[in-house]
């Protein structure tokens, strides 16, 4: 019998096979970096059925939040300027846009807040969040670091977007979370500070009429006190009501600077300790409307012309809707540089890892061929 030669283990085809086999590992390496797994918060209710699970889209994802800058002056005359820098996304449509469906001459509720996201643990709603790019979601740091004694994997996190209902419809898009980045100086010691976190989605999402990113303002931007803005979420409607609301709620809030806010909260809690400092902004409503439990991490947004900008992240408050006790929000403008730095680092890591692997695998493939 004549011995048949074995198939070659080298050559360009082998290299291609190696890269295809190692692609999942590469993706995890690029997303994980040196980050450690973070424990999820204790579920606060809101069971939901899986609807549409995201699949990798056919186009690439932009990796940088949209930055907008406003001129100083009266709030009625502020002009919108797009920041002319390399930080602008290349493939992302204009942020902060709403595409409402018109039914019988009235605006439909669907798509009214297309950047609104539900952060979930094991498919249970725990916090609000907002979509800032095709691949990144912004939420509060305390939504992630609530139970430091447990050791759950970040892969139990997912987000739902594109639907104003927590369950019962088929239009919601569910995407698993691949990476969690909490602000390194997040703290609840004495008072809550730097309360924000970024979540990287396993797959980029395609923008639609009900899924759109919200604009993140530049650090130099400051919304004028008294401006009417909106907070949205699936949290409690009353302080002692059900844990979550089935349908997305919207509440108007009037902006208050942290200095005045600190004084009101000091009186409410009968303390002379500073409760809010620079890095937060507050919102109030004269008829007792406020964000509540389950709304944490959600966006506080203001409209300028036809563009919506996220000025705050729901952080904390004293009860819900109490008189003279404004809600406290992380001021997003002050963290714009950190947000861009995190997203840029993740975007640049994958090509580096791929290049390193090519340098290792290519010589091996050539050696086997020889």
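Residue numbers (mature numbering (1 follows the signal peptide of the UniProt record, and there is no 0)): -29 to -1, 1 to 341. Even glycine gets a Cβ: it sits at the ideal position worked out from N, Cα and C. Just so you know, these numbers come straight off a predicted model, no measurement behind them.
Count the other C-beta atoms from every protein chain shown that fall within 10 angstroms of the C-beta of residue 342, then say buried if there are 16 or more, exposed otherwise. Since the first and last residues shown for the chain are -29 and 341, residue 342 lies out of range.
Could you name each continuous beta strand (DSSP E) segment of 3 residues or more that falls completely within the stretch 178 to 249, going from the start of the chain to the end? Counting whole runs of 3 or more residues, the stretch 178 to 249 contains the beta strand (DSSP E) stretches 199 to 204, 220 to 227.
Residue 167 vs residue 108 beta-carbon contact at 8 Å: Counting from one through the chain shown, the residue named residue 167 turns up at place 196. Counting from one through the chain shown, the residue named residue 108 turns up at place 137. Taking 8 Å as the Cβ cut-off, residue 167 and residue 108 do not qualify as a contacting pair.
Could you check what DSSP says for residue 304 in three-state terms: helix, strand or coil? Stepping through the chain shown from its first residue, residue 304 is reached at position 333. Reduced to three states, the DSSP call for residue 304 is helix.
Have a look at residue 176 and residue 66 and give me their C-alpha separation to the nearest angstrom. Indexing the chain shown from 1 puts residue 176 at position 205. Indexing the chain shown from 1 puts residue 66 at position 95. Straight-line Cα distance between these residues: approximately 14 Å.
Could you spell out the range, first to last residue, of the beta strand (DSSP E) harbouring residue 252? What you label residue 252 is simply residue 281 of the chain shown in a count that begins at 1. 251 to 255 is the span of the beta strand (DSSP E), which, as asked, contains residue 252.
Using the Cα positions of residue 144 and residue 127, report the straight-line distance between them to the nearest angstrom. Here residue 144 corresponds to residue number 173 of the chain shown, with the count starting at 1. Here residue 127 corresponds to residue number 156 of the chain shown, with the count starting at 1. The straight-line gap from Cα to Cα measures roughly 16 Å.
For residue 194, which of 300, 68, 85, 110 has the nearest alpha-carbon? The sequence position of residue 194 within the chain shown is 223, counting from 1. Out of 300, 68, 85, 110, the CA that lies nearest to the CA of residue 194 is found in 300.
Between 255, 236, 135, 95, which lies nearest to residue 180 when the distance is taken from Cα to Cα? For the purposes of this step, residue 180 is identified with residue 209 of the chain shown, where counting begins at 1. Ranking 255, 236, 135, 95 by Cα distance to residue 180 puts 135 first.
Which word fits residue 18, buried or exposed, when buried means at least 16 other C-beta atoms lie within 10 angstroms of its C-beta? Counting from one through the chain shown, the residue named residue 18 turns up at place 47. Here the model assigns residue 18 a pLDDT of 42, short of 50, so the residue's position is not dependable and the matter cannot be decided.
Taking three-plus beta-carbon pairs below 8 Å as touching, is the stretch 308 to 316 in contact with the stretch 237 to 254? The stretch 237 to 254 and the stretch 308 to 316 do not touch, with fewer than three beta-carbon pairs separated by less than 8 Å.
Bridge partners of residue 274, per DSSP? Here residue 274 refers to the residue found at position 303 when the chain shown is read from its first residue. In DSSP, residue 274 forms a bridge with 279.
Coarse secondary structure for residue 167, derived from DSSP in three states: Counting from one through the chain shown, the residue named residue 167 turns up at place 196. Note: residue 167 maps to coil in three-state DSSP.
Do residue 101 and residue 88 have their C-beta atoms closer together than 8 Å? For the purposes of this step, residue 101 is identified with residue 130 of the chain shown, where counting begins at 1. For the purposes of this step, residue 88 is identified with residue 117 of the chain shown, where counting begins at 1. Taking a C-beta distance under 8 Å as the contact criterion, residue 101 and residue 88 qualify as a contact pair.
For residue 100, which three-state DSSP category applies? Here the question's residue 100 lines up with position 129 in the chain shown. When secondary structure is reduced to three states using DSSP, residue 100 falls in the strand class.
When you compare each of 267, 113, 223, 142 to residue 165 by their alpha carbons, which one comes out closest? Taking the chain shown and counting its residues from 1, the one referred to as residue 165 is at position 194. The candidate whose alpha carbon is nearest that of residue 165 is 113.
Consider the Cβ of residue 308: report whether some Cβ of chain D lies at a distance smaller than 8 Å. The question asks about chain D, but that chain is absent: this structure has only one protein chain.
Hey, would you say the C-beta of residue 143 is under 7 Å away from at least one heavy atom of the ligand FAD? Looking at this structure, you won't find the ligand FAD or any other ligand, since it has none at all.
So, helix, strand or coil for residue 138, using DSSP? Within the chain shown, residue 138 is the residue found at index 167, counting from 1. Correct three-state label for residue 138: coil.
Check this for me: beta carbons of residue 184 and residue 104, under 8 Å apart or not? Counted from its first residue, the chain shown places residue 184 at position 213. Counted from its first residue, the chain shown places residue 104 at position 133. Yes, these two residues count as a Cβ contact at 8 Å.
Buried/exposed call for residue 280, threshold 16 Cβ in 10 Å: The residue given as residue 280 occupies position 309 in the chain shown. Buried is the call here.
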